[in-house]
Amino acid sequence: MKEPTTKQLQRLEKKKAKMAAFLEIARLNDKDKETKMEALKQIVATDGSSNLNDSNMAGDNSTRKRSCEKNSDVTCSEICKEENVPDKSELQDNNKKPRLSDSKQYANLKEELRKRKKRLQAIPRLTLKAVGENATLNIRNMEKRIPIFLSDIQHLLLYSLLGHHSPYLPARWCQLEKYNKISHTVVFVLEGLSSYHYVAYESMFPHIVSNLKHRLEVITPTVYGASITEELAAVPLTGTQSDKLIKQYGSLETALQTNGNVIKLLRSVFPMHSINSDEKFPTKNSSNRTLPPTDKFCRTKLLLSLWQMVEENYPVPLKGTLAERYGSYILTKDVYKEATSTSPMFGLDCEMCLTTSGNLELTRISIVDESMNVIYDSLVKPENTITNYLTRYSGITEDMLNDVTVTLHDVQQTLRSLLPPDAILVGQSLNSDLHTLKMMHPYIIDTSVIFNLTGDRYRKTKLQILAREFLEESIQDSKAGHCSTEDSKASMKLVKLKLSNSVDYGDAVLLGDRSMKVLKMETDNEKTKRALQKTEIKKYATSIFSHITKNKGTTAAIVGNDEVMSEYSKYLTNSSLNVMDDESFAKDDQVSTQL
């Protein structure tokens with residue numbers, strides 16, 4: 001064997017020294033933790049004995065209290081001395097650089113470090129992704145926070161119990177490592193307490209501050225007419241589950257009537273509307289009426305869902321503290337009808353200029369119908385003085401606005417009278433247009449979402465590129481700037497092109513392929529049918545308890561008042577689960593209830 005060189009020996013010695021130093025630091029950290037824990041235990045024990053003595057010696061309260069307080073002070077003082085002022089000899093020993101005398105000691109050190117690393121790797125860890133970071137309460141500016149949904153919490157709950165066997169993963173907003181090392185999962189719902197209360201009185205929640213690293217804002221389902229219980233307890237069917245049920249029962253509706261574990265969701269996938277309770281509207285089945293001759297599937301399948309609207313920063317009429325964001329915004333209609341396969345589509349595009357307010361304000365709006373007729377096109381005088389016309393992008397010049405008297409309020413009133421109650425707005429990244437209009441609308445088809453060339457849902461493709469690749473048209477190339485009528489027509493053409501093909505046409509995310517040949521390829525009818533069935537699956541669900549009690553020995557417990565138990569009973573009454581109250585709970589039971 002070749003003898004190591006002098007440099008190699010020096011490097012080895014340095015490596016040994018570093019490893020020894022690292023291990024020494026790790027040991028000191030462990031020792032500090034043990035000291036602090038011992039101190040905390042002593043304080044708790046002292047306080048506990050003090051309280052016990054106080055209750056037993058009621059006749060001598062004043063003397064006993066002073067005595068306990070004195071003892072407590074002495075104990076705390078001694079603990080502080082022990083923790084903060086170590087013995088001199090200990091300090092000297094700690095200051096000495098660790099040395100390794102032989103190869104055996106080096107091997108033992110490596111083994112100890114390996115075991116320590118293994119222990120650390122076995123600890124479950126939760127890390128936030130971009131969506132989770134955007135919802136954290138560390139972002140004090142509420143307008144910049146984008147809350148997550150309770151369904152996101154449900155996905156984390158399922159994954160923490162089932163791991164890779166979970167029907168849904170929390171990958172949208174977080175990553176959980178070592179789920180199999182988690183011994184207990186607790187979901188504690190405190191109704192009536194909002195993020196505002198927590199932020200305002202954070203000092204009153206010391207346990208949360210010191211023990212829970214991640215604190216995120218969640219949209220309460222009640223603000224959009226849904227149920228907290230349903231969001232947690234009802235798990236929408238997956239494609240695999242649906243196929244099995246259809247094969248076994250013939251249809252999902254039959255499975256619903258026969259299998260007690262199948263539940264029909266009471267809310268729609270897209271609950272964004274503002275409807276008077278007395279108003280009568282068509283049922284969900286009305287969306288399946290005859291398709292227009294040019295469409296191969298229902299256009300409502302392209303609508304943004306509620307969580308997509310929130311994630312894409314669309315203004316939505318939520319209640320509670322979130323409503324403050326859009327307090328000055330108005331709805332496009334007071335009452336909406338359900339969108340169907342024949343609901344009219346309108347292409348919308350706005351041009352904006354920079355004003356003294358520091359924001360972009362509306363200076364032109366264009367709307368086209370499905371026949372590419374321009375039904376509304378108007379220049380708009382912004383409320384504040386324009387500081388930059390951004391002509392290169394907006395196409396707006398000072399001369400164009402000299403004699404304009406139309407205001408934002410005028411445009412808002414025109415749109416409210418022009419659009420029908422089931423209108424579908426079509427456009428590229430319409431969130432910015434609606435913010436400029438200071439208006440909210442429930443039915444949106446966003447071409448930047450339904451078309452994707454990157455394979456990444458968060459990397460959008462420009463309208464100019466989409467028009468070039470799919471329409472073979474050149475837009476936004478004029479030196480005079482963009483034209484809102486041209487852009488609104490391009491968006492409408494793209495949507496109509498997709499409707500004439502398939503749901504996954506032009507979408508690299510759904511197709512799993514970024515080549516233009518595949519993106520433009522006509523999909524066979526069977527594949528299109530399967531893609532459409534996926535949207536119907538979301539109307540059905542199974543109980544979360546039937547999922548989490550699959551593993552032998554795993555049980556669930558529900559603790560709450562009569563009202564809470566009544567809510568959860570609909571997910572338990574007809575199921576095949578063994579459900580018992582806490583007192584009668586036996587070995588073979590799966591779910592316990594406790595009032």
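Residue numbers (full-length UniProt numbering): 1 to 595. Even for Gly, the Cβ is constructed at its ideal location relative to N, Cα and C.
query                                                                                                                                                               : result
Helix, strand or coil for Leu348 per DSSP?                                                                                                                          : strand
Using C-beta distances below 7 Å, list every residue in its chain close to Tyr329, excluding the 5 sequence neighbours before and after it, in chain order.         : Pro315, Lys438, Met439, Met440
Which partner residues of Asn452 appear in the DSSP bridge assignment?                                                                                              : Asp507
Do Leu419 and Lys301 come within 9 Å of each other at the CB atom, strictly closer than that value?                                                                 : no
Among residues of its own chain, excluding the 5 on either side of Ile182, which ones have a beta-carbon nearer than 7 Å to its beta-carbon?                        : Pro124, Ser160
For Arg325, I'd like the list of residues in its chain whose CB is within less than 6 Å of its CB, leaving aside the five on either flank, ordered along the chain. : Glu143
Since Ser448 and Ser429 are thought to touch, with beta carbons under 8 Å apart, how far apart are those beta carbons, to the nearest angstrom?                     : 5 Å
Which residues bound the alpha helix (DSSP H) around Gln175?                                                                                                        : Looking at the DSSP string, Gln175 is not in any alpha helix (DSSP H); the run it does join, the beta strand (DSSP E), is 174-177.
Quick check on Pro4: does DSSP put it in helix, strand or coil?                                                                                                     : coil
Take Ile375 and list the residues in its own chain whose beta-carbon comes closer than 8 Å to its own, dropping the five residues that flank it on each side.       : Phe346, Ile367, Val368, Asp369, Leu418
Let me know the secondary structure DSSP gives Tyr159 once reduced to three states.                                                                                 : helix
Which residues in the same chain have their Cβ closer than 7 Å to the Cβ of Gln8, if we skip the five residues on either side of it in sequence?                    : none
One question on the structure: do Ser484 and Asp349 come within less than 9 Å of each other, judged by their Cβ atoms?                                              : yes
Could you check the C-alpha separation between Glu217 and Ala20 for me, to the nearest Å?                                                                           : 44 Å
Which term fits Arg364, buried or exposed, when burial requires 16 or more other beta carbons within 10 angstroms of its beta carbon?                               : buried
Going straight from the alpha carbon of Leu331 to that of Glu473, what length do you get?                                                                           : 34 Å
Is Asp477 helix, strand or coil when you go by DSSP?                                                                                                                : coil
Pairs of beta-carbons, one from the stretch 128-144 and one from the stretch 173-189, closer than 8 Å: are there three or more?                                     : yes
Identify whether Thr387 lies in helix, strand or coil by the three-state DSSP scheme.                                                                               : strand
As an exercise, report each continuous alpha helix (DSSP H) stretch of at least 4 residues that is fully enclosed by the stretch 362-433, in chain order.           : 391-394, 398-401, 408-418
Report buried or exposed for Leu453, applying the criterion of at least 16 other Cβ atoms within 10 angstroms of its Cβ.                                            : buried
Taking Leu425 as the reference, which of Arg299, Arg114, Val564 has the closest Cα?                                                                                 : Arg299
If you compare alpha carbons, which of Leu379, Tyr568, Thr414 is closest to Asp399?                                                                                 : Leu379
The beta strand (DSSP E) that contains Val559, what's its start and end?                                                                                            : 556-559
With distances taken Cα to Cα, identify the nearest neighbour of Tyr336 among Met492, Leu415, Glu383, Pro442.                                                       : Pro442
Given a cut-off of 9 Å, decide if Val235 and Gln154 are closer than it, judged by their beta-carbon atoms.                                                          : yes
From the DSSP output, read off the bridge partner residues of Ser543.                                                                                               : Ala234
Decide if Glu111 is buried, meaning its Cβ has at least 16 other Cβ atoms within 10 Å, or exposed.                                                                  : exposed
In the DSSP assignment, what residue or residues form a beta bridge with Val218?                                                                                    : Ile148
Taking only three categories from DSSP, how would you classify Phe297?                                                                                              : coil
Among Lys479, Lys496, Thr5, whose alpha-carbon lies nearest the alpha-carbon of Ala467?                                                                             : Lys496
From this set, Asn388, Thr385, Ala26, Leu318, which residue's C-alpha is nearest Ala226's C-alpha?                                                                  : Leu318
If I measure Cβ to Cβ from Leu252 and keep anything under 7 Å in the same chain, skipping five residues before and after, which residues do I get?                  : Ser242, Leu245, Ile246, Tyr540
Once DSSP output is grouped into helix, strand and coil, what is the label at Lys70?                                                                                : Model confidence at Lys70 stands at a pLDDT of 41, short of 50, so the residue's coordinates are unreliable; what they give is reported in the following sentence. Helix, per DSSP.
Would Leu291 and Ser343 qualify as a contact pair, given that the criterion is a beta-carbon distance under 9 Å?                                                    : no
Name the two residues that bound the continuous alpha helix (DSSP H) containing Thr485.                                                                             : 484-499
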